[in-house]
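Residue numbers (the numbering used here), protein chains in the order written: chain A, 1 to 124; chain B, 1001 to 1441. C-beta: ideal position from N, C-alpha, C; glycine also. Notes for the one structure printed next.
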């Protein structure tokens, strides 16, 4: 029982290290970029659709800080769209263990993973 | 001596349980019918601000996981919207992780979250008062102070309330501790004062209730604490449901193996009434006495929801909503998110946070004349403390099913950990910190 969990944990840690480098570079820019993405300038403004992928990607924010203000699981900011997409595909394929994040990736289809990756990559 | 009598009763109890059915003890706490407009009411004309830019106004009732998140994301994603959050409390006390207060591993203070960042960084207005009435047609709330506030939309996130339990007039005698705060402290004190060889009784209400794994998790945690601190004590779980309703493999394994001789689990037990003086429960399976009784009553949306005519699901206990924008099916400018709403999703803080984002996004779109996102996805993730140092995890996602007009479980996403570990306990704390930051920071 414990071994399985340790195994899962090890996969996770490997992933942490891979992305740890990004944390320091993105820590200061998170909040401002999000605020700049807000849409309507007035309540009755001409309809402007919110950025594609924003609502989907907000599922990520529950466990991954995008503001850089708090420690969470590995940062998902500052990566290219392909990098995020490939990470999600790896998790979905079970290449990163059979943990919670693998199950999370399994909940998305390919188009949704692309939308999430594009949105997160555009965060500055 | 008393305990021996109790244990004899307990074995008779098991036999009688075999015969009892799943008694969803129904308390028809009559919902007051209120005539509501059947067509959407146009919102008031937004008032010009100093800069001449018209602002839409949204009132959020309740500053818990759902309410704080919707307020934050309305401001984050819809900067021009004026958001006012109304809650009596000056700080939020997290229910998540609050069972750790019972074992002395957490303090209530460590679970308190200030609204300061929501106020200062996001510009949310706070009113520390109680909403006593809502006029859906006028999109207006009345406060206990007598003041009235009007808005374009109202979002209700008032959490849960409890059914009255016959005979229970002092909630301190058999605390539910299912809203973190004074009740949690009382239960912790009762456990600390219990001698070795004592019996703890934990009752689980019929689903749906807040945090499905929560009572099972609490039972495990208390069992571990008893094992270490009060030798020869027992915890008796009286579950109103026909079986463990979630993460069954892990909890069953913990109850029958890890805590064999400490945990006694009984399903399909309805609590009919209580006798406070003798600390006895009258149940569908017989009379049960405990030294400490954690009685978690059946739950419903608070009175504010029902008296506004919004508790209109099949049971009359929770609010039916359109899960694309969480608008009430009885009043289109009133939204109900979190534990008060009736959806196919669990009632829990993590998923309430995501329901809130869908609601915020839909309100922003709606104010701009746009339809809500047609394909929302929500996530329910959590960790359960199986011991004082090890945890399990549970994960599920839901997607919109257009023909059913409901959120539907995505089967591939649904799983629990195979067992529990110290690593997952560590992840639990990371998850908690991150979720609370997404909600309050």
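Proximal chain B residues relative to residue i, where beta-carbon distance stays under 7 Å
| i | result |
| --- | --- |
| residue 106 of chain A | 1412, 1413 |
| residue 103 of chain A | 1395, 1413, 1415 |
| residue 56 of chain A | 1377 |
| residue 86 of chain A | Simply none; closest approach about 19 Å. |
| residue 49 of chain A | 1370 |
Beta-carbon proximity list for residue i, same chain, < 6 Å, skipping 5 on both sides
| i | result |
| --- | --- |
| residue 1334 of chain B | 1136, 1154, 1328 |
| residue 1421 of chain B | 1390 |
| residue 1356 of chain B | 1066, 1069, 1070, 1337 |
| residue 1198 of chain B | 1233, 1291 |
| residue 1362 of chain B | 1325, 1372 |
| residue 1308 of chain B | 1134 |
| residue 1440 of chain B | 1068, 1113 |
Element boundaries [alpha helix (DSSP H), containing residue i]
| i | result |
| --- | --- |
| residue 1149 of chain B | Run containing residue 1149 of chain B: none in the alpha helix (DSSP H); it sits in the beta strand (DSSP E), 1148-1150. |
| residue 1266 of chain B | Counting along the chain, residue 1266 of chain B falls outside any alpha helix (DSSP H), though it belongs to the beta strand (DSSP E) covering 1263-1266. |
| residue 1442 of chain B | Nothing about residue 1442 of chain B can be read from this structure; chain B reaches only from 1001 to 1441. |
| residue 1075 of chain B | 1065-1077 |
| residue 1153 of chain B | Residue 1153 of chain B -> not in any alpha helix (DSSP H); beta strand (DSSP E) instead, spanning 1153-1156. |
| residue 1434 of chain B | 1422-1440 |
| residue 119 of chain A | 110-122 |
| residue 1192 of chain B | 1182-1193 |
Integer Cβ distance of residue i from residue j, believed to fall under 8 Å
| i | j | result |
| --- | --- | --- |
| residue 1207 of chain B | residue 1229 of chain B | Between residue 1229 of chain B and residue 1207 of chain B the Cβ distance is about 31 Å, and since that is not below 8 Å, they are no contact. |
| residue 1103 of chain B | residue 1221 of chain B | 6 Å |
| residue 1204 of chain B | residue 1238 of chain B | 7 Å |
| residue 1428 of chain B | residue 1224 of chain B | Not really, about 15 Å apart at Cβ, beyond 8 Å. |
| residue 1112 of chain B | residue 1093 of chain B | 5 Å |
| residue 1218 of chain B | residue 1380 of chain B | Wrong, their Cβ atoms sit about 18 Å apart, outside the cutoff. |
| residue 1213 of chain B | residue 1246 of chain B | 5 Å |
| residue 1342 of chain B | residue 1318 of chain B | 4 Å |
| residue 1180 of chain B | residue 1095 of chain B | 5 Å |
| residue 65 of chain A | residue 75 of chain A | 7 Å |
| residue 56 of chain A | residue 1377 of chain B | 6 Å |
| residue 1151 of chain B | residue 1061 of chain B | With a Cβ gap of about 11 Å, residue 1151 of chain B and residue 1061 of chain B do not count as contacting. |
Continuous beta strand (DSSP E) stretch holding residue i: start and end
| i | result |
| --- | --- |
| residue 1093 of chain B | 1091-1093 |
| residue 1237 of chain B | 1234-1239 |
| residue 1385 of chain B | 1377-1385 |
| residue 1401 of chain B | 1391-1401 |
| residue 1203 of chain B | 1199-1204 |
| residue 1283 of chain B | 1280-1283 |
| residue 1319 of chain B | 1319-1322 |
| residue 1275 of chain B | 1271-1275 |
| residue 1287 of chain B | 1286-1289 |
| residue 1115 of chain B | Segment: none, residue 1115 of chain B is in no beta strand (DSSP E) and carries neither H nor E. |
| residue 1057 of chain B | 1057-1061 |
Cutoff 8 Å; reference residue i; Cβ partners in own chain excluding five residues on either side
| i | result |
| --- | --- |
| residue 1438 of chain B | 1069, 1353 |
| residue 1419 of chain B | 1250, 1253, 1392 |
| residue 25 of chain A | Because residue 25 of chain A carries a pLDDT of 30, less than 50, the predicted location of this residue cannot be relied on, and no value is offered for it. |
| residue 1409 of chain B | 1344, 1396, 1397, 1398 |
| residue 1424 of chain B | 1383, 1390, 1391, 1392, 1393, 1417 |
Partner residues on chain A for residue i, Cβ-Cβ distance less than 9 Å
| i | result |
| --- | --- |
| residue 1381 of chain B | 62, 63, 100, 103, 104 |
| residue 1345 of chain B | What residue 1345 of chain B touches in chain A: nothing, since even the nearest Cβ is about 13 Å away. |
| residue 1095 of chain B | Simply none; closest approach about 16 Å. |
| residue 1335 of chain B | Chain A residues near residue 1335 of chain B: none, gap ~15 Å exceeds 9 Å. |
| residue 1430 of chain B | 63, 71, 72, 73 |
| residue 1358 of chain B | 55, 58 |
Cutoff 7 Å; reference residue i; Cβ partners in own chain excluding five residues on either side
| i | result |
| --- | --- |
| residue 1122 of chain B | 1072, 1075, 1076 |
| residue 1283 of chain B | 1238, 1269, 1270, 1271, 1272 |
| residue 53 of chain A | 115, 116, 118, 119 |
| residue 1434 of chain B | none |
| residue 1088 of chain B | 1128, 1129, 1130 |
| residue 1297 of chain B | 1162, 1163, 1165, 1176, 1205 |
Proximity test, residue i beta-carbon vs the ligand GDP heavy atom, cut-off 7 Å
| i | result |
| --- | --- |
| residue 1229 of chain B | With respect to the ligand GDP, the structure shown offers nothing to examine, as it has no ligands at all. |
Chain A contact residues for residue i, given Cβ-Cβ distances below 7 Å
| i | result |
| --- | --- |
| residue 1438 of chain B | 61, 62 |
| residue 1353 of chain B | 62 |
| residue 1373 of chain B | 55 |
| residue 1361 of chain B | 50, 55 |
| residue 1350 of chain B | 62 |
| residue 1124 of chain B | Correct list: empty, because the minimum Cβ distance to chain A is about 14 Å. |
For this session: Report yes or no: do the region 1127-1134 of chain B and the region 1259-1278 of chain B share at least 3 C-beta pairs separated by less than 8 Å?
Result: no
Exercise. Touch check for the region 69-85 of chain A and the region 115-122 of chain A: three-plus C-beta pairs under 8 Å?
Worked result: yes
Exercise. Does the region 1294-1306 of chain B come within contact of the region 1158-1169 of chain B, defined as at least 3 CB pairs closer than 8 Å?
Worked result: yes
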